[in-house]
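**Q**
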Amino acid sequence: MGEATKVLRSSIHAFLHSYHSYTSVAALLVLPVSALILLSQAVVASSPQALRLISSRLRSLFLAASFPAASPPFSLLNLMLSQTIFSSLFALPFTLTLLVLAKASVIQTAIEFPRRRPSPPPFSSLLRLYSPLLLTHLFTSFVLLSANAAIFSLLFLLFCAAELTGLSSSPSSLLALSSAGAVLYSIAVANAVVTCNLAIVVSAAEDCGGGGFLPVLKACFLIRGRVATALSLALPFNLAMAAVEALFQYRVARPYRLSSGPIKLSVVSEGFTIAYIHSILIVLEIIAGCLFYKSCQSGSRENWEDGADHHYQTELEPEDKCAV
Numbered sequence: 001m002g003e004a005t006k007v008l009r010s011s012i013h014a015f016l017h018s019y020h021s022y023t024s025v026a027a028l029l030v031l032p033v034s035a036l037i038l039l040s041q042a043v044v045a046s047s048p049q050a051l052r053l054i055s056s057r058l059r060s061l062f063l064a065a066s067f068p069a070a071s072p073p074f075s076l077l078n079l080m081l082s083q084t085i086f087s088s089l090f091a092l093p094f095t096l097t098l099l100v101l102a103k104a105s106v107i108q109t110a111i112e113f114p115r116r117r118p119s120p121p122p123f124s125s126l127l128r129l130y131s132p133l134l135l136t137h138l139f140t141s142f143v144l145l146s147a148n149a150a151i152f153s154l155l156f157l158l159f160c161a162a163e164l165t166g167l168s169s170s171p172s173s174l175l176a177l178s179s180a181g182a183v184l185y186s187i188a189v190a191n192a193v194v195t196c197n198l199a200i201v202v203s204a205a206e207d208c209g210g211g212g213f214l215p216v217l218k219a220c221f222l223i224r225g226r227v228a229t230a231l232s233l234a235l236p237f238n239l240a241m242a243a244v245e246a247l248f249q250y251r252v253a254r255p256y257r258l259s260s261g262p263i264k265l266s267v268v269s270e271g272f273t274i275a276y277i278h279s280i281l282i283v284l285e286i287i288a289g290c291l292f293y294k295s296c297q298s299g300s301r302e303n304w305e306d307g308a309d310h311h312y313q314t315e316l317e318p319e320d321k322c323a324v
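Okay, so the sequence shown: first residue is 1 according to UniProt numbering, each after it adds one.
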């Protein structure tokens, strides 16, 4: 937890160090993505047909896999997955273009901190990084889908075993199994997400052969022993983004649904302000990922040097004994 706090503090310092560069990226590149993410929540609230369609498909999948789809943990999991899928599809065009360019710009700026006062990177360098970052982004999406499929397969085996042993006949046992399955799913997906986020940084910071699976492998190597730090670092950003999304629902989406006339200018301006705050949080999360990558890299280098010194000393010990 101490290392996560240190990285978080350094991220805020780095953001203030290059305030104009980061805020420009947030306003020009990240803001449209944040606006679409927030608007997707409003669209779901005003016309839930699309969300209901996704939710019914997931519920059918849960029932086919013998999951207790009606239990509270799986009902909540169904709702969260449906909202995530809908928001991802709603913002997909801007995610694959503007957000990838924003990540390239922020990573290039943050990776130089604090050696010099960086200026915004030229657009040509962003275009050079766009292809490997896009390939890595697509591959990490495949990794997340694979992680979901793997954990659902494990839960399928778990509930099949519970049905064979008769544990599923007891409501209390079924609720306990559902809660344990939801917790197991959350832990597995959270580990996959932080590893994929680190892979994006690795793809932009290093030459990994054009992106794809190599940055993911390097991220798995770097994050060993630091998963708890990565999760502690991701938690405040996720909570802050959830709070901003709830604020958008309360201050913008709800008044729009309740009003009978045209939307007021004050509500529109407040919506843009909330979307800008959301984009700033995304930029801060990318900066934190960069500084966490540098921390992992320095820690791995120190471990390698310690191991090399130990190996060198063990090789010299027989020679020293012979000399004596």
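Backbone N, C-alpha and C fix where the C-beta goes; we use that ideal spot for every residue, glycine too. Note that this is a predicted model, so its numbers are computed, not measured.
I'd like the span of the alpha helix (DSSP H) that includes serine 173, first residue to last.
**A** For the purposes of this step, residue 173 is taken as the residue at position 173 of the sequence shown. Residues 171-205.
**Q** Which residue wins for smallest C-alpha separation from serine 131, given the options His17, Phe152, Leu99?
**A** In the sequence shown, the residue the question calls residue 131 occupies position 131. It is Leu99.
**Q** So for glutamate 305, helix, strand or coil by DSSP?
**A** Counting from one through the sequence shown, the residue named residue 305 turns up at place 305. Residue placement at glutamate 305 is flagged as unreliable, the pLDDT there being 49, under the threshold of 50; the coordinate-derived value follows with that caveat. Correct three-state label for glutamate 305: helix.
**Q** Would you report the Cα separation of phenylalanine 123 and asparagine 78, rounded to the nearest angstrom?
**A** Along the sequence shown, read from residue 1 onward, the residue named residue 123 stands at position 123. Along the sequence shown, read from residue 1 onward, the residue named residue 78 stands at position 78. So the alpha carbons of these two residues sit roughly 41 Å apart.
**Q** Between Ala102, Leu144, Phe142, which has its C-alpha nearest leucine 129's C-alpha?
**A** Position 129 of the sequence shown, counted from the start, is the residue given in the question as residue 129. Measuring from the Cα of leucine 129, the nearest candidate turns out to be Ala102.
**Q** Under the three-state reduction of DSSP, which class applies to phenylalanine 90: helix, strand or coil?
**A** Start at 1 with the first residue of the sequence shown, and residue 90 comes out as number 90. Residue state, collapsed to three classes: helix.
**Q** Report all residues from its chain with a CB closer than 8 Å to the CB of tyrosine 276; omit the five preceding and five following residues, and keep chain order.
**A** Stepping through the sequence shown from its first residue, residue 276 is reached at position 276. Ala26, Ala27, Leu31, Ser34, listed in sequence order.
**Q** Which of the three DSSP states is assigned to isoleucine 107 in this structure?
**A** Counted from its first residue, the sequence shown places residue 107 at position 107. Residue state, collapsed to three classes: helix.
**Q** Taking a contact to mean a Cβ-Cβ separation below 9 Å, would you say valine 267 touches tyrosine 256 in this structure?
**A** Your numbering for residue 267 matches position 267 in the sequence shown. Your numbering for residue 256 matches position 256 in the sequence shown. Cβ atoms of valine 267 and tyrosine 256: closer than 9 Å.
**Q** With a cut-off of 8 Å on the beta carbons, I'd call isoleucine 151 and tyrosine 185 a contact; round off their distance for me.
**A** Residue 151 sits at position 151 when you count from the first residue of the sequence shown. Residue 185 sits at position 185 when you count from the first residue of the sequence shown. That belief holds up - the Cβ atoms of isoleucine 151 and tyrosine 185 are roughly 5 Å apart, short of 8 Å.
**Q** My assumption, with CB atoms under 8 Å, is that phenylalanine 142 sits in contact with alanine 65. Please give the rounded CB distance.
**A** Working through the sequence shown from its first residue, we reach residue 142 at position 142. Working through the sequence shown from its first residue, we reach residue 65 at position 65. Wrong, their Cβ atoms sit about 21 Å apart, outside the cutoff.
**Q** Evaluate contact between the segment 162-177 and the segment 202-220, counting only Cβ atoms and requiring at least three cross-stretch pairs below 8 Å.
**A** no
**Q** What are the complete alpha helix (DSSP H) segments, minimum 4 residues, inside the segment 34-82?
**A** You should have 49-64.
**Q** At the level of alpha carbons, what is the spacing between leucine 53 and arginine 59?
**A** Sequence index remark: in the sequence shown, residue 53 carries index 53 (1-based). Sequence index remark: in the sequence shown, residue 59 carries index 59 (1-based). Computed Cα separation, rounded: 10 Å.
**Q** Beta-carbon within less than 8 Å of serine 259's beta-carbon, same chain only, minus the 5 sequence neighbours each way: which residues are those?
**A** Start at 1 with the first residue of the sequence shown, and residue 259 comes out as number 259. Nothing meets the Cβ criterion.
**Q** Buried or exposed: which applies to proline 93, given that a residue is buried once 16 or more other Cβ atoms fall within 10 Å of its Cβ?
**A** Sequence index remark: in the sequence shown, residue 93 carries index 93 (1-based). Exposed, because fewer than 16 other Cβ atoms sit within 10 Å of the Cβ of proline 93.
**Q** Taking the alpha carbon of cysteine 208 as the point to measure from, which residue in Thr136, Leu239, Pro171 has its own alpha carbon closest?
**A** For this step, residue 208 is matched to residue 208 along the sequence shown. Selected option, being the one with the closest Cα: Thr136.
**Q** Kindly say whether leucine 36, judged by its beta-carbon, lies nearer than 9 Å to any beta-carbon of chain D.
**A** Protein chain content of the structure displayed is limited to a single chain, and chain D is not contained in it.
**Q** Would you mind giving the Cβ-Cβ distance between residue 326 and leucine 126, rounded to the nearest angstrom? I have them listed as a contact below 8 Å.
**A** Outside the displayed span of the chain (1 to 324) sits residue 326, for which this structure offers no information.
**Q** Just tell me which of Ile287, Leu145, Leu38 has its CA closest to the CA of tyrosine 22.
**A** Along the sequence shown, one-based indexing puts residue 22 at 22. Answer by Cα proximity: Ile287.
**Q** May I ask you to verify whether the segment 188-205 touches the segment 224-241, counting CB pairs closer than 8 Å and requiring at least 3?
**A** yes
**Q** Assign proline 121 to one of three DSSP states: helix, strand, or coil.
**A** The sequence position of residue 121 within the sequence shown is 121, counting from 1. Coil, per DSSP.
**Q** Using the three-state DSSP reduction, which class does isoleucine 274 fall into: helix, strand or coil?
**A** Taking the first residue of the sequence shown as position 1, residue 274 is located at position 274. Correct three-state label for isoleucine 274: helix.
**Q** Within the continuous alpha helix (DSSP H) that includes leucine 28, where are the two ends?
**A** Taking the sequence shown and counting its residues from 1, one reaches residue 28 at position 28. Note, leucine 28: premise wrong, no alpha helix (DSSP H); not H, not E.
**Q** Going by DSSP in three states, isoleucine 263 sits in which element: helix, strand or coil?
**A** Position 263 of the sequence shown, counting from 1, holds the residue named residue 263. Looking at isoleucine 263 - three-state DSSP - the assignment turns out to be coil, as it is neither helix nor strand.
**Q** Quick one: give me the first and last residue of the alpha helix (DSSP H) that serine 18 is part of.
**A** Here residue 18 refers to the residue found at position 18 when the sequence shown is read from its first residue. Unbroken run through serine 18: none, as it is neither H nor E.
**Q** State the Cα-Cα distance for the pair phenylalanine 113 and alanine 243, rounded to the nearest angstrom.
**A** Position 113 of the sequence shown, counted from the first residue, corresponds to residue 113. Position 243 of the sequence shown, counted from the first residue, corresponds to residue 243. C-alpha separation (whole angstroms): 29 Å.
**Q** Please state the DSSP three-state secondary structure of glycine 166.
**A** Along the sequence shown, one-based indexing puts residue 166 at 166. Reduced to three states, the DSSP call for glycine 166 is coil.
**Q** Considering Cα atoms alone, identify which of Ser169, Gly225, Leu265 is closest to phenylalanine 67.
**A** As a working mapping, residue 67 is identified with position 67 in the sequence shown. Looking at the Cα atoms, Ser169 is the closest of the given residues.
**Q** Verify whether the separation of the beta carbon atoms of alanine 199 and threonine 140 is less than 9 Å.
**A** Taking the sequence shown and counting its residues from 1, the one referred to as residue 199 is at position 199. Taking the sequence shown and counting its residues from 1, the one referred to as residue 140 is at position 140. Yes, Cβ-Cβ distance for alanine 199 and threonine 140 is below 9 Å.
**Q** In this structure, how does DSSP classify glycine 289 when only helix, strand and coil are distinguished?
**A** Indexing the sequence shown from 1 puts residue 289 at position 289. Reduced to three states, the DSSP call for glycine 289 is helix.
**Q** Got a sec? Which residues, its chain only, sit under 7 Å from proline 121 by beta carbon, not counting five neighbours each side?
**A** Residue numbering aside, residue 121 sits at position 121 when the sequence shown is read from its first letter. These residues qualify, in order along the chain: Ser105, Gln108, Thr109.
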